[in-house]
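Mapped onto the working numbering, the consecutive letters of the sequence shown carry residue numbers 3 to 410. Using N, Cα and C, we set each Cβ at its ideal position, and we do this for glycine too.
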Amino acid sequence: MKVRIQPVNLIPPQKDISQLPVLRVETWIKGPKKPRNLKRIKEIPPEDVSIEKLCEKFDFLEILPPENIRKVSDIDGLKRDVSAYIISGYDLALAGEIAKLGKPVLPYWDNWGYAWNGRWIKEASDEAGGVCFVPFGSEDIEKIIRVLRTYTFIREMRVLYIGDIPSNSVKDANYDFTDLESRFGIQFIHLNFDDLLKAVEKISDEESGKIANLWKENAEILDGREKRLKDYAKIYLGLKKLLEEYNANGLTVDCAFLPNVELVPCYSFGILIDEGIPCGCEGDTSALLGMSILMGLSGKSALMGNLFENNTHDDIENNVIVINHDVVPPSMGDGKEKIKLRDFHASKKGLTGFVKLKEGEKVTIVGMDRKARRIWYSEGEILWTEDTVHCRTSIGIKVKDAKRIGKE
Numbered sequence: 003m004k005v006r007i008q009p010v011n012l013i014p015p016q017k018d019i020s021q022l023p024v025l026r027v028e029t030w031i032k033g034p035k036k037p038r039n040l041k042r043i044k045e046i047p048p049e050d051v052s053i054e055k056l057c058e059k060f061d062f063l064e065i066l067p068p069e070n071i072r073k074v075s076d077i078d079g080l081k082r083d084v085s086a087y088i089i090s091g092y093d094l095a096l097a098g099e100i101a102k103l104g105k106p107v108l109p110y111w112d113n114w115g116y117a118w119n120g121r122w123i124k125e126a127s128d129e130a131g132g133v134c135f136v137p138f139g140s141e142d143i144e145k146i147i148r149v150l151r152t153y154t155f156i157r158e159m160r161v162l163y164i165g166d167i168p169s170n171s172v173k174d175a176n177y178d179f180t181d182l183e184s185r186f187g188i189q190f191i192h193l194n195f196d197d198l199l200k201a202v203e204k205i206s207d208e209e210s211g212k213i214a215n216l217w218k219e220n221a222e223i224l225d226g227r228e229k230r231l232k233d234y235a236k237i238y239l240g241l242k243k244l245l246e247e248y249n250a251n252g253l254t255v256d257c258a259f260l261p262n263v264e265l266v267p268c269y270s271f272g273i274l275i276d277e278g279i280p281c282g283c284e285g286d287t288s289a290l291l292g293m294s295i296l297m298g299l300s301g302k303s304a305l306m307g308n309l310f311e312n313n314t315h316d317d318i319e320n321n322v323i324v325i326n327h328d329v330v331p332p333s334m335g336d337g338k339e340k341i342k343l344r345d346f347h348a349s350k351k352g353l354t355g356f357v358k359l360k361e362g363e364k365v366t367i368v369g370m371d372r373k374a375r376r377i378w379y380s381e382g383e384i385l386w387t388e389d390t391v392h393c394r395t396s397i398g399i400k401v402k403d404a405k406r407i408g409k410e
């Protein structure tokens with residue numbers, strides 16, 4: 003995925019200097035330069051965050067050659083397959099028209115990360131109903147670039163939804179795919195369980211055996227799971243084949259009505275998340291979207307789960323929330339122990355992974371409402387990870403105000 007940014011120079015119409023007001027000509031055009039502005043230009047930043055330097059730092063970033071815009075009709079020639087427009091110049095009418103294209107606009111910033119006149123571009127964008135991010139310091143630049151990566155990540159999502167609509171187990175999610183596409187750009191492709199079964203059945207023992215052997219090398223296998231490891235590897239490979247067939251890069255399965263517990267995709271989901279594919283359990287589109295936001299912002303794997311399951315009163319009184327689920331990306335382990343491959347909810351069927359997360363790790367927790375219109379977040383620190391069987395992995399996270407989170 004590339005974040006493509008189009009610089010745009012707004013070129014004002016040339017005017018005969020003799021027709022301009024005398025004061026403007028004699029003081030602002032011909033008069034002395036502002037001395038402290040000249041000093042500002044010569045100041046050397048601790049880190050050069052100019053647009054030209056950013057591609058060296060962010061390998062996912064592509065800065066296109068600049069385009070010059072002199073009049074409204076020139077805007078028709080601007081590329082649309084970009085993540086944002088960077089605007090240089092102060093023709094606010096033109097800036098507003100560019101904002102109407104539906105992409106974020108950014109005012110040009112200097113090598114310190116300051117968009118000195120950015121508030122004017124933002125005002126024009128706001129009036130046009132657009133979105134504008136104004137950096138004012140180097141610390142803002144990385145935040146904005148990561149937001150643009152998230153924006154691009156979500157706008158380019160094509161999600162396979164396998165199972166019934168709505169989900170048989172999750173009712174507090176948005177199943178209006180037309181609404182989600184109109185607001186986020188996400189496309190959903192609906193498949194049924196037969197499509198999944200056929201994809202799994204097409205995987206050969208030779209293919210799945212290779213994957214199973216890799217899993218054996220990197221995991222401790224319990225609960226007799228080794229006997230059917232090749233079958234579970236077929237689920238992973240079958241899902242990958244479907245993703246490739248439909249050119250999809252996101253996935254959710256209505257797990258509650260899978261025809262066989264042996265088909266639970268928990269461990270396969272964990273592996274796919276580590277490969278950059280957001281995977282949401284139980285057809286939960288809101289959880290999938292929240293996960294995608296975190297993956298886009300961080301460029302790393304994210305873990306979804308049920309909030310307050312396997313949580314005690316004592317936990318909450320001590321500001322500890324618990325995230326509980328069966329899908330854990332192996333990369334999120336603390337590196338001290340191998341991931342454990344276990345059965346699904348002590349059923350002697352299916353495959354789930356358990357791995358301890360790094361204690362003391364700072365994390366961000368995100369939640370989204372069922373209509374995907376409101377989001378909340380909190381920061382915390384991982385205190386412990388516990389194998390709680392149902393669901394397999396519970397993660398205790400110290401937060402500032404657990405009771406507030408319970409009311410969000």
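For residue 313, same chain residues with a beta-carbon under 7 Å away, outside a window of 5 residues either side, are 323 and 324 in chain order. Secondary structure at residue 73: coil, using DSSP grouped into helix, strand and coil. Contact check for residue 248 against residue 270 fails: the beta carbons are separated by 8 Å or more. The region 258–278 makes contact with the region 327–338; the number of CB pairs closer than 8 Å reaches 3 or more. Non-local C-beta neighbours of residue 298 in its own chain, meaning closer than 8 Å and more than five positions away in sequence, comprise 148, 151, 152, 153, 154, 155 and 156, ordered along the chain. Runs of beta strand (DSSP E) with 3 or more residues, each lying fully within the region 88–161, are found at 107–109, listed in chain order. Under the criterion of beta carbons closer than 8 Å, residue 293 and residue 282 qualify as touching, at roughly 6 Å.
A straight-line Cα-Cα distance of about 53 Å links residue 160 and residue 37. Burial is judged here by how many other beta carbons sit within 10 angstroms of a residue's own beta carbon; residue 250 has at least 16 and is buried. Residue 6: member of the beta strand (DSSP E) spanning 5–12, first to last residue.
Separation of residue 372 and residue 289 (C-alpha to C-alpha, rounded to the nearest whole angstrom) is 9 Å. About 17 Å separates the Cβ atoms of residue 204 and residue 264, ruling out a contact at the 8 Å cut-off.
Under the three-state reduction of DSSP output, residue 372 falls in the coil class, being neither helix nor strand.
The alpha-carbon of residue 295 is positioned some 21 Å away from that of residue 64.
Per DSSP, the unbroken beta strand (DSSP E) holding residue 221 starts and ends at 221–223. Secondary structure within the region 294–354: the alpha helix (DSSP H) runs of 4 or more consecutive residues, fully enclosed, are 315–319 (chain order). Taking 8 Å as the cut-off, the Cβ atoms of residue 108 and residue 89 count as close. In the displayed model, residue 362 falls within coil according to three-state DSSP, outside both helix and strand. Fully enclosed alpha helix (DSSP H) runs of no fewer than 4 residues occupy 37–44 of the region 20–49, in order along the chain. A Cβ-Cβ distance of about 6 Å is found for the pair residue 119 and residue 92, placing them in contact under the 8 Å criterion. By DSSP's assignment, residue 243 forms no beta bridge with any residue.
If the five residues before and after residue 187 are omitted, its C-beta is found closer than 6 Å to the C-beta atoms of 157, all from its own chain and listed in chain order.
Around the beta carbon of residue 57, a 10 Å sphere encloses fewer than 16 other beta carbons of the protein chains shown; the residue is thus reported as exposed.
A Cβ-Cβ separation of about 4 Å places residue 357 in contact with residue 335 under the 8 Å criterion. In this structure, the CA atom of residue 377 is about 6 Å from the CA atom of residue 369. By the neighbour-count criterion, in which a residue is buried when 16 or more other Cβ atoms sit within 10 angstroms of its Cβ, residue 21 is exposed. Taking one beta carbon from each stretch, the region 168–179 and the region 205–223 have fewer than 3 pairs nearer than 8 Å; the two do not touch.
Judged by their CB atoms, residue 66 and residue 9 are nearer to each other than the 8 Å cut-off. Scanning the region 162–244 for uninterrupted alpha helix (DSSP H) segments of 4 residues or longer gives 179–186, 195–203 and 207–220, listed from N- to C-terminal end.
Classified as exposed, residue 30 has fewer than 16 neighbouring CB atoms from the shown chains inside 10 Å of its CB.
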